[in-house]
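Mapped onto full-length UniProt numbering, the consecutive letters of the sequence shown carry residue numbers 1 to 298.
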Amino acid sequence: MHKLTTANGHDVPMVGLGTYPLQGEAMASMALDAFKCGYRLIDTADDYRGETGLGLALSRLNNETGFRREDVFIQTKISQDNAYGDEPLEGVWFNKLSKYQNRHTVEEVVMDKVTISLRELQTDYIDSLLIHYPFPGYYEDIWDVMMRLKKEGKVRYIGVSNFHINHLEKLKSIGECPSINQIYVSPLSIKHEDLEYSINNAIQLMTYSPIMDLVHGQLNDNILMPLAEKYRKTKHQVILRWNIDRGCMPLPRTTNPNRLLGNFELFDFKLTEEEIEAISAMNRDLQILVESKQCPGL
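Structure, rendered in structure tokens:
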């Protein structure tokens, strides 16, 4: 397995699979195919509705191949899921307008969500648990519960997603710094300050939807095509390798089984510093994915 020694000294798989919007049997099948291709890190979230399918894949993997649970790295997220009630805000978690949240403590909600995730994933521990968004007025209390879950052994790593530096500073001031921050990074949005902060604070930066710009035809072929031809790779693979060579862990997402292997064949070449800088020079601070949709003003 290709591993990356993270900024905080831990070894985790260098590349993972993003799984949204896969659910049920489609999720189980894709995860099994990914394991066979060499993936060991699978990323999901409670609001993706994919944990049940991933649990099926883990069970089948053990039965069919003898894989042990410790051979794979499962990451899920605590989300603001509308699981109760019919009104838009009636059943969401971590919102002051939620009737459900106002009847429960943050600890009750987090513990309930983690218990459900463990059951759906058919495991007794989660490798990495993230807060999906910095829910205003709640993420500090969520973090406090997660630190206790880590001490209890139900979670090995705790981290966050879509957090900015100001949110990370807040968590650092109240306790433990996250092991992981999963954000959107691309050649058009290189997030240099976030990466620098992460390195300086022993936080591993993970990147979701890392080839989104390419899918939308936004990238400069005059830079990418010569590199793809030089290394006999696709433009997708060049961008994923650019992530790795900057110290980021990409989580390419696909629903196409034929693309799984290609997104993982990244370890027989390495970009030069000049090539990394040439790709990074495409930066326009363009955020294609709206990260603050659940947290206005984020």
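Beta carbons are placed, not taken as given, at the ideal position from N, Cα and C, and that holds for glycine.
Between the Cα of residue i and the Cα atoms of the options, which residue gives the shortest distance?
i: Ile131; options: Met282, Met147, Glu193, Arg103; result: Met147
i: Ile239; options: Asn258, Asn263, Asn256, Thr255; result: Asn263
i: Pro250; options: Ile183, Ser198, Lys113, Lys230; result: Ile183
i: Ala57; options: Asn258, Leu224, Thr123, Lys96; result: Thr123
i: Gly24; options: Arg259, Val114, Leu121; result: Leu121
i: Thr115; options: Val155, Glu70, Ser189; result: Val155
i: Thr255; options: Asp221, Ser280, Ser209; result: Ser209
i: Tyr138; options: Phe94, Asn181, Lys113, His104; result: Phe94
i: Asn181; options: Phe267, Glu196, Ser280; result: Glu196
i: Pro187; options: Lys96, Ser59, Ser280, Gln204; result: Ser280
i: Lys113; options: Thr76, Ala228, Arg103; result: Thr76
Tell me which residues share the same chain as residue i and place their Cβ nearer than 7 Å to its Cβ, disregarding the 5 neighbours each side in the sequence.
i: Leu214; result: Lys235, His236, Ile239
i: Glu176; result: Met147
i: Leu22; result: Met30, Gly50, Gly53, Thr255
Just how far apart, CA to CA, sit residue i and residue j?
i: Ser79; j: Asp47; result: 6 Å
i: Ile126; j: Phe269; result: 32 Å
i: Ala278; j: Lys233; result: 17 Å
i: Asn201; j: Glu274; result: 26 Å
i: Val15; j: Tyr39; result: 7 Å
i: Lys170; j: Arg68; result: 37 Å
i: Ile74; j: Leu219; result: 31 Å
i: Phe135; j: Asp81; result: 12 Å
i: Ser198; j: Leu168; result: 9 Å
i: Asp285; j: Ser128; result: 28 Å
i: Leu118; j: Pro226; result: 46 Å
i: Asn62; j: Asn258; result: 23 Å
i: Glu64; j: Glu70; result: 16 Å
i: Arg103; j: Leu17; result: 36 Å
i: Ile203; j: Lys96; result: 30 Å
i: His192; j: Phe163; result: 14 Å
i: Asn190; j: Arg60; result: According to the sequence as given, residue 190 is Ile; it is not Asn. Ile190 and Arg60: Cα-Cα distance of roughly 38 Å.
i: Ala228; j: Asp33; result: 26 Å
Would the beta-carbon of residue i fall within 8 Å of that of residue j?
i: Ser179; j: Ile165; result: no
i: Met206; j: Cys248; result: yes
i: Val72; j: Phe35; result: yes
i: Ile174; j: Glu140; result: yes
i: Ser161; j: Tyr133; result: yes
i: Leu224; j: Arg241; result: no
i: Asn222; j: Val185; result: no
Along the chain, where does the alpha helix (DSSP H) that runs through residue i open and close?
i: Asp46; result: Where Asp46 is concerned, there is no enclosing alpha helix (DSSP H), given that its DSSP letter is neither H nor E.
i: Met206; result: No alpha helix (DSSP H) holds Met206; the beta strand (DSSP E) holding it covers 204–208.
i: Ile183; result: Careful: Ile183 lies outside any alpha helix (DSSP H), inside the beta strand (DSSP E) at 180–184.
Just to confirm my understanding: we take residue i, look at its own chain, exclude 5 residues before and 5 after, and list those with CB closer than 8 Å. What are they?
i: Thr19; result: Met27, Met30, Ala31, Ile42, Asp43, Thr44, Tyr48, Gly50, Leu54, Arg253
i: Asp245; result: Lys270, Leu271, Ile276
i: Val145; result: Val106, Glu107, Val110, Met111
Considering only residues of the same chain and omitting the five flanking positions on each side of residue i, which have a CB-CB separation below 6 Å?
i: Leu261; result: Cys37
i: Trp143; result: Leu171
i: Tyr231; result: Phe269
i: Lys150; result: Ile158
For the beta strand (DSSP E) containing residue i, list its first residue and its last residue.
i: Lys77; result: 73–78
i: Ser128; result: 126–131
i: Asp11; result: 11–13
i: Tyr39; result: Run containing Tyr39: none; DSSP gives neither H nor E here.
i: Gln237; result: Careful: Gln237 lies outside any beta strand (DSSP E), inside the alpha helix (DSSP H) at 235–245.
i: Arg156; result: 155–161
i: Met282; result: Run containing Met282: none; DSSP gives neither H nor E here.
i: Gly18; result: 16–18
i: Leu251; result: 249–251
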